[in-house]
Structure formats: structure tokens, C-alpha cells
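Colleague: I have a structure here, written as C-alpha cells, and I will follow up with some questions on it.
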């Protein structure tokens, strides 16, 4: 079983990114993934200081972070990698979606999306920054040895202190 914590589009909300990372850590994720538009160096430090393996890609607002690529696990998009029995394709823009992978993870749109087609999970964890809607969001993916996926959406209203966790039911073609 692989447990993957996914955040995206944190922008200037490293405080909310830290909350999400702490929650994912409490969920005992095996890896943390940031799908770009990190913006703040503090968010990269929070990922590193979690002591959980992590991977992040640069987004269209991350020009100032490029100089830190050698200090952090921070890559240009798309970044394809193996984790446990999975091939993961990570990007900020959803233009690099491929069929030769188990999971395509992307950001940029700021809208939570999760679906399975041809046994491939496509996932956008929404937005940490709550810029397009009054919700902070992130995701947890569980995948068993047979590549069956479960997706959990975490969210909280910008006026709330409490996060809710909901299983997101995946449609299959």
C-alpha cells in the first residue's frame, strides 16, 4: 500500500501548506508531492523538515525558486518518477498528461479533480491558497498492490480552523 500526500498552488500561504503537511504526516503518508506554484521558500523548507520523502515541481509562479533546485527535491515539469510499484508523472500545467504512467498529478487550475480512465489516476489536489474559491484543499491517495486507488479530499473554509476529510469516489470509464 502506498499513501501519497498531494498539495498544489500554495502561493504565499506557507502557513496553510504547513497545516496540510502536518495533517498528511499524521495520516502516515509515504511521500509528499507539491504540484507547483510553491512561491514561498518556507513551503519547501516545510516539506524538507517533515522528514518524509518529498518531490516538487516548479510552477509558472516559481521563477524565484529555481535557484534552490540543488537544495531541494525540486524539478522542472514534467517530472516522471517511480515510487514503490507506481510510475508517477508530476507537473504543474496539465498539458503533460501521459498514458504511460499510473498517476498523473497536476496543479495550475486551482480546482480539485480526480478520475480514473484506462486504469490511470488523474489528480489535481485543488489549491492551498484559496485564491479562486474560499476553500483550502489538498489530497491523500491510497493505492494498493493491484493499483486500486482511493482518493481523499481535505478542505476547510477560509473562515474555519477545522479541516474535513472526505473520500472522493472515482468514476471509471
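Numbering (our numbering), first residue to last: 996 to 1168. Where a beta carbon is used, it is the ideal one built from N, C-alpha and C, also for glycine. It should be emphasised that the depicted structure is a prediction, and the values quoted were computed from it without experimental measurement.
Among 1024, 1093, 1068, which has the Cα closest to the Cα of residue 1113?
Modeller: 1093
Colleague: Judging by CA-CA distance, which residue of 999, 1129, 1119, 1090 is the nearest neighbour of residue 1077?
Modeller: 999
Colleague: Indicate the three-state DSSP secondary structure (helix, strand or coil) for residue 1041 in the structure shown.
Modeller: helix
Colleague: Quick check on residue 1071: buried or exposed, where buried means 16 or more other Cβ atoms within 10 Å of its Cβ?
Modeller: exposed
Colleague: If the criterion is Cβ atoms closer than 8 angstroms, does the pair residue 1147 and residue 1134 meet it?
Modeller: yes
Colleague: Give me the DSSP bridge partner(s) of residue 1067.
Modeller: Paired residues: none, contrary to the question.
Colleague: Could you check the C-alpha separation between residue 1032 and residue 1105 for me, to the nearest Å?
Modeller: Just so you know, the alpha carbons of residue 1032 and residue 1105 end up roughly 10 angstroms apart.
Colleague: How would you write the range of the alpha helix (DSSP H) that residue 1200 sits in, first residue to last?
Modeller: Outside the modelled stretch of the chain, which goes from 996 to 1168, sits residue 1200, for which no answer is possible.
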